[in-house]
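Enquirer: Under mature numbering (1 follows the signal peptide of the UniProt record, and there is no 0), read the sequence shown as residues -23 to -1, 1 to 367, first letter to last.
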Amino acid sequence: MKAIRVSLSTVVWAVVGFRQVLADVRIPAIPQGTEGLTDTCIRVLNQALNCDASLNWATETNNFYSKSTIDLLCTSDCRASLNGYIEQVKSACETSRYSGPNGLSYHAGYTAQLVWERFNILCTSNPAGENCNLLLGNLAGIDPENQQPTAAGDPSLMCNDCALSVVKTQVEMPLASNADISSALSSIASSCKTTVAVTPPPAASPPWVKVGTAPIATSTATPVCAGKTYILQDGDTCQSVAQKQRINTAQLLMANNLLAGCYNFPTAAGTALCIPSALTCDPYIVKSGDTCTTIANVAKATWAQIVSWNADLGRSCQNVRRYAGKVVCISNPGSTRAGSGSGITASETSTATSAIDTVFTLSMRPIPMDNGHTNVIITDMWAGNDEEEL
C-alpha cells in the first residue's frame, strides 16, 4: 500500500478548509500597468469566475477530499466558466509574458493554466460518473478531515479505473505532465496488465515557459488609477495609509509599484497614491499570535474567505505570523459590504484556532512567478514561496 500512496500523491489535489460557495472568484488580481502584460490581457486575467472559493486554495497534492468539497468545487458551471476563461486568456494574452527566475520567461496565462489543470485532475470521474478523488479516498481508507487512515487500504486500488484515469489526466496536461508521471503510468498499466491510451499534450505556441527575459509589453492606454487618488499627509506611514484607505497592505504596494515590506515607502507630504476601488475592503490590523481562524472569528467569516480575500497570507495561512502589524481584508475586496470605519485591531472572541492553520507541503513544485508585481498576489500558490517578504 505504501507504493500505491506514493504514486497517487503526485496526482490527487487537496482541499482543506470550510466550504463557502462564491460565484465571484478571481484567480489573480493584477494592477493595470504591470510590466510585461498588456492592458487587455490584465483585464481578461482579472475576470470573475463562477466557481467555489476553494478553486483558489485547492493547490496541494497529498490529501483526499470530503464529498461536500467535491460537490461544491466540481460543478458544471465552474467547468464551463474555467474553460471559457482559459480560452480568453490564451487569446488576449498571446504575446504577454513576465520574467521569472533562472533566466526564464512565462506566458501570462501560466497561473490560469495551472488552476485549470488542477481542477480537471481533482474533478476526474470514472465511466460510471463517480468522482475519482472520493472513490480512491474511500478505497485507501483515508479520513478526509485529518488525512489519517481509518482502515486498511483496498488492494485493488492500484488497478482501479480511477487510479489509471487520474494519472492519465495528468499525463495529458501541458504543465502537470512530466517524465516521472509518464513512467509511473506505464508501470501501473504494466502491473495491472492493461493498456492506457494517452493523448500527449500539444506543444504550446507560444510556449508556457522559455529561456530569456520577457519583452516589455506595449500598453494600449496610459495607466490611470481605477479608483481614487490619496495625497500623503505629514506623519502618514505605509500601514496607516492602508488602514485609513481600507486596503490590504500588499495590495496598496502593488497598486503603486512600491517595494514589498513597505521598504522605501514614500514619506513626502503631497505624494499621490492610487487606491483601486476593486481592492478596498473592511480592514483588520493583524496582531501577534493571530491565525486565519482567529481573524475569521473577528470578521464573522470563514477561514476560506479570509484566505481568498488575502491570497498573500498563503493558501494555508502560513504567512500570517509575518503579517503582524499589517492590514488585511475581512470583507470581499470591492464589495459593497466595506464600511467607512477605521477597521478592527483585536477581539476578545478571536482565540479559537483550527487545524486548517497548519502549513502543508506540496509534492508538485512548479516554478513560482517572480516578476516584482504579481508574485505577491499568488504567494504560496506553489511550494517554496512561503519566505516571500510582505
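Each residue gets a CB set at the ideal place from its N, CA and C atoms; glycine is no exception.
Output the distance between the C-alpha atoms of Ser31 and Tyr240, rounded to the nearest integer angstrom.
Expert: 32 Å
Enquirer: If you drop the 5 nearest sequence neighbours on each side, which residues of the same chain put their C-beta closer than 6 Å to that of Val21?
Expert: Gln65, Val66, Ala69
Enquirer: With distances taken Cα to Cα, identify the nearest neighbour of Val175 among Leu113, Trp185, Lys145.
Expert: Lys145
Enquirer: For Tyr240, which residues does DSSP report across the bridge?
Expert: Tyr240 pairs with nothing; no bridge assigned.
Enquirer: Specify, as a first and last residue, the run of the beta strand (DSSP E) that Arg74 falls within.
Expert: 74 to 76
Enquirer: Thr257 bridges to which residues according to DSSP?
Expert: Ile224
Enquirer: Between the alpha carbons of Gln24 and Cys258, how many angstroms are there, rounded?
Expert: 18 Å
Enquirer: Is the beta carbon of Ile165 sitting closer than 8 Å to the one on Leu134?
Expert: At least 8 Å separates the beta-carbon of Ile165 from that of Leu134.
Enquirer: Just the C-alpha distance for Thr206 and Cys251, rounded to the nearest angstrom, thanks.
Expert: 5 Å
Enquirer: Is Cys306 helix, strand or coil when you go by DSSP?
Expert: strand
Enquirer: Please confirm whether Ala30 has its beta-carbon closer than 8 Å to some beta-carbon of chain C.
Expert: The chain inventory of the structure shown lacks chain C, comprising one protein chain alone.
Enquirer: If Leu50 and Leu26 are in contact, beta carbons under 8 Å, what's the gap, nearest whole angstrom?
Expert: Going by Cβ atoms, the distance from Leu50 to Leu26 rounds to 12 Å, so no, they are not a contact pair.
Enquirer: Note the first and the last residue of the continuous alpha helix (DSSP H) segment covering Ser168.
Expert: 156 to 168
Enquirer: Ile19 lies in the alpha helix (DSSP H); which residues open and close that run?
Expert: 16 to 22
Enquirer: Cα separation between Ala128 and Asn40?
Expert: For Ala128 and Asn40, the gap between their C-alpha atoms comes out near 16 Å.
Enquirer: Could you give the distance in angstroms between the alpha-carbon of Thr15 and the alpha-carbon of Asn33?
Expert: 24 Å
Enquirer: Grab the span of the beta strand (DSSP E) containing Ile208 for me, first residue to last.
Expert: 204 to 208
Enquirer: Could you give the distance in angstroms between the alpha-carbon of Thr17 and the alpha-carbon of Thr11?
Expert: 12 Å
Enquirer: Provide the residue(s) that pair with Ile252 in DSSP beta bridges, ordered along the chain.
Expert: Lys205
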